[in-house]
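Read in order, the letters of the sequence shown are residues 1 to 403 in this note's numbering. Here is the structure we will look at, set down as structure tokens.
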Amino acid sequence: MTGFAPEDLYREPNALAPYYSRFRVAERLLLTGHSHQAWPDCGFAGQLRAWEDAARLVDGKWEEAFARGNRVRAGYAELLGHPGHPDEGDYALGSNTHELVVRFLSALPLRARPRLVTTAGEFHSIRRQLDRLEEEGLAIVRVPVDPIDSLSERLGLATDDETAGVLVSAVLYRDARIVGGLDSVAERCERVGCHLLVDAYHALNAIPFDLSKLGLEGAFVVGGGYKYCQLGEGNCFLRVPPDCRLRPAVTGWFAEFSALHGGEDAARVRYGAGAERFAGSTYDPTSHYRAAEVFDFFRERGLAPKFLRAVSRHQMDRLTRGFDGLDADPALVDRDRETPPDAVGGFLALRTPRARDFHEALAARGVATDYRDDLLRLGPAPYLSDRQLDDAVAALGEVAAGL
């Protein structure tokens with residue numbers, strides 16, 4: 001394993017940057033670490049291998065493709081466990097989180113328990129789907145996010161024996177605040193007999209997220225590698241608790257691979273074991289070829305969650321200190337000064353009524369960001385040097401002075 005010290009990634013040039021030559025990370029100010037991180041060059045080789053395997057093996061490519069899928073599953077299990085002890089859940093893979101969330105919802109006893117509890121701060125994949133199900137008659141309870149310190153407690157209080165499922169993010173997508181106390185939600189769900197789904201997308205590889213330490217061994221977890229894992233599109237997962245026997249109504253034929261020659265009652269639709277129950281159908285395996293190479297790259301270079309969190313904290317501190325040094329008009333742009341740094345995930349959210357104007361003006365200056373409503377989001381990534389972060393903050397100051 002060829003590892004790095006955190007300081008190797010702070011200096012100019014950043015020691016990681018040469019591994020991302022196709023994305024030209026050393027030449028660009030890509031503060032998109034929370035949305036689309038650059039892909040290491042090894043991912044390109046993985047995609048080429050997918051094409052070559054298809055050309056060489058034709059329909060026989062699937063053995064190679066499934067092997068890549070298993071490497072991706074192993075990568076996610078490592079991220080949701082701790083060093084040397086991968087998570088013991090099963091992993092269904094999907095192209096996006098929405099398809100996996102829909103399969104989860106379709107497995108719940110919604111006729112008997114037509115009630116779902118969630119927060120008012122979920123990402124659109126969950127938010128929109130629950131809005132639509134509410135139109136069809138399901139009771140959707142949306143617990144306000146603030147005050148965030150009591151969010152888990154209030155989720156538990158809203159969960160009763162009419163509740164089929166609770167859906168909550170580990171890190172809020174709009175402002176990166178970490179939702180603590182999810183173990184109490186898990187305990188409440190177990191007590192009343194409902195299922196917990198944790199959206200870990202903004203936690204995965206941004207903060208250590210060991211399910212055993214968090215008391216979430218019995219939870220379903222959904223997430224993906226598009227953001228902090230650098231896997232690109234098409235690499236999402238649903239972590240299924242051990243010994244799950246749910247029967248999703250939305251089901252693809254891959255869900256019965258291991259049940260094709262016996263097993264469950266032939267009079268009923270058959271399912272495989274564990275996460276296979278939540279499988280879909282034929283898919284493009286190219287993304288798994290890319291992801292398998294990237295997981296290996298991270299592993300070989302010691303880019304584990306604890307290390308990456310230390311780098312992220314340094315970068316976030318540098319961004320916040322730099323922003324504070326601008327002395328910008330707080331009515332124009334400001335940051336959250338109440339949430340402690342260790343309770344924030346992998347990006348800096350700046351509140352401004354002119355978020356779009358900031359985003360566009362920064363883009364014109366070569367700084368890539370994004371925004372959600374009145375929040376401008378700045379996401380550092382481990383391949384950016386301190387000098388690049390300082391340059392981005394300087395550009396932010398220029399924009400603020402001109403608005």
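C-beta: ideal position from N, C-alpha, C; glycine also.
Cβ pair Leu30, Val311 closer than 8 Å: On the sequence shown, position 30 is the one that residue 30 refers to. On the sequence shown, position 311 is the one that residue 311 refers to. Against a cut-off of 8 Å, the Cβ pair of Val311 and Leu30 comes out as no contact.
Three or more C-beta pairs below 8 Å linking the stretch 233–242 and the stretch 46–66: Short answer: they don't touch.
Quick check: what's the CA-CA separation for Val344 versus Leu182? Within the sequence shown, residue 344 is the residue found at index 344, counting from 1. Within the sequence shown, residue 182 is the residue found at index 182, counting from 1. Their backbone Cα atoms lie some 16 Å apart in a straight line.
Assuming Pro305 and Pro208 make a contact with CB atoms under 8 Å, what is their CB distance in whole Å? Counted from its first residue, the sequence shown places residue 305 at position 305. Counted from its first residue, the sequence shown places residue 208 at position 208. About 4 Å; that satisfies the 8 Å criterion.
Could you have a look at Leu384 and say whether DSSP puts it in helix, strand or coil? Here residue 384 refers to the residue found at position 384 of the sequence shown. If DSSP states are grouped into helix, strand and coil, Leu384 belongs with coil.
Tell whether a beta-carbon distance below 8 Å holds between Val72 and Ala275. Looking up residue 72 in the sequence shown gives position 72. Looking up residue 275 in the sequence shown gives position 275. Taking 8 Å as the cut-off, the beta carbon of Val72 is found no closer than this to the beta carbon of Ala275.
Using the Cα positions of Glu338 and Thr320, report the straight-line distance between them to the nearest angstrom. The sequence position of residue 338 within the sequence shown is 338, counting from 1. The sequence position of residue 320 within the sequence shown is 320, counting from 1. Going by C-alpha positions, Glu338 is about 13 Å away from Thr320.
Integer-rounded CB distance, given that Ala279 should sit under 8 Å from Ala249: In the sequence shown, counting from the first residue as 1, residue 249 sits at position 249. In the sequence shown, counting from the first residue as 1, residue 279 sits at position 279. Rounded, the Cβ-Cβ distance is 14 Å, inconsistent with contact.
Please tell me whether Asp175 and Leu326 are closer than 8 Å, where the distance is taken between their beta carbons. As a first step, residue 175 is located in the sequence shown; it is residue number 175 there, counting from the start. As a first step, residue 326 is located in the sequence shown; it is residue number 326 there, counting from the start. For the 8 Å CB-CB criterion, Asp175 and Leu326 do not form a contact.
Compute the beta-carbon to beta-carbon distance between Tyr19 and Pro6, rounded to the nearest angstrom, for a pair I have assumed lies under 8 Å. Counting from 1 along the sequence shown, the entry for residue 19 is found at position 19. Counting from 1 along the sequence shown, the entry for residue 6 is found at position 6. Not a contact, Cβ separation roughly 16 Å.
By DSSP, does Cys42 sit in helix, in strand, or in coil? One-based indexing of the sequence shown puts residue 42 at position 42. In the structure shown, Cys42 sits in a helix (DSSP, three-state: H, G or I).
Please confirm if the stretch 102–117 is in contact with the stretch 156–169, defined as three or more CB-CB distances below 8 Å between the two stretches. A contact exists between the stretch 102–117 and the stretch 156–169.
By DSSP, does Thr97 sit in helix, in strand, or in coil? Locating residue 97 in the sequence shown gives position 97, counting from the first residue. Helix at Thr97.
Using the three-state DSSP reduction, which class does Asp131 fall into: helix, strand or coil? Translated into the one-based positions of the sequence shown, residue 131 becomes position 131. DSSP places Asp131 in helix when its eight states are reduced to three.
Would you mind sorting Leu350 into buried or exposed? The rule is 16 or more other CB atoms within 10 Å of its CB. The residue labelled residue 350 in the question sits at position 350 within the sequence shown. By the neighbour-count rule (16 or more Cβ atoms within 10 Å), Leu350 is buried.
Do you know offhand how far Gly215's Cα is from Glu153's? Residue mapping note: residue 215 aligns to position 215 of the sequence shown, counting from 1. Residue mapping note: residue 153 aligns to position 153 of the sequence shown, counting from 1. Here the alpha carbons of Glu153 and Gly215 stand approximately 15 Å from one another.
Would you decide whether Leu105 is buried or exposed? Buried here means 16 or more other CB atoms lie within 10 Å of its CB. Here residue 105 corresponds to residue number 105 of the sequence shown, with the count starting at 1. Buried, by the Cβ-count rule.
Exposed or buried, which one is Leu303 when buried takes at least 16 other CB atoms within 10 Å? To locate residue 303, count along the sequence shown from 1; it is residue 303. Buried.
Candidates Val25, Asp334, Ala107 and Ala395: closest to His36 by CA position: The residue you call residue 36 lines up with position 36 of the sequence shown. Closest option to His36, judged by alpha-carbon separation, among Val25, Asp334, Ala107 and Ala395: Val25.
Helix, strand or coil at Asp324 according to DSSP, with G and I counted as helix: The residue you call residue 324 lines up with position 324 of the sequence shown. Note: Asp324 maps to helix in three-state DSSP.
Excluding the five sequence neighbours on either side, which residues of its own chain have a C-beta within less than 7 Å of the C-beta of Ala203, listed in chain order? By 1-based counting over the sequence shown, the position of residue 203 is 203. These residues qualify, in order along the chain: Ala170, Val171, Phe209 and Gly345.
Alpha-carbon to alpha-carbon, Glu233 and Ala38: Sequence index remark: in the sequence shown, residue 38 carries index 38 (1-based). Sequence index remark: in the sequence shown, residue 233 carries index 233 (1-based). One alpha carbon belongs to Ala38, the other to Glu233, and they sit about 12 Å apart.
Can you name the residues that DSSP bridges to Thr119? Residue mapping note: residue 119 aligns to position 119 of the sequence shown, counting from 1. In the DSSP output, where bridge partners are listed per residue, Thr119 has Val143.
Alpha carbon to alpha carbon, what distance is there between Gly46 and Gly180? Indexing the sequence shown from 1 puts residue 180 at position 180. Indexing the sequence shown from 1 puts residue 46 at position 46. Approximately 37 Å, taken between the alpha carbons.
Pull the bridge partners of Val311 from the DSSP assignment, please. Start at 1 with the first residue of the sequence shown, and residue 311 comes out as number 311. Residue pairing of Val311 in beta bridges, as defined by DSSP: absent, with no partner found.
Do you know whose CA, among Ala401, Arg313, Val221 and Arg301, lies nearest Ala77's CA? Here residue 77 corresponds to residue number 77 of the sequence shown, with the count starting at 1. It is Val221.
Classify Ser125: buried if its beta carbon has 16 or more other beta carbons within 10 angstroms, exposed otherwise. Working through the sequence shown from its first residue, we reach residue 125 at position 125. Within 10 angstroms of the beta-carbon of Ser125 lie 16 or more other beta-carbons, which makes it buried.
N-terminal and C-terminal residue of the alpha helix (DSSP H) that Arg71 is part of: Mapped onto the sequence shown, residue 71 falls at position 71. Arg71 -> alpha helix (DSSP H) spans Trp62 to Leu79.
Contact test: Arg174 Cβ vs the ligand MG heavy atom, cutoff 7 Å: The ligand MG is not among the ligands present in this structure, which contains no ligands whatsoever.
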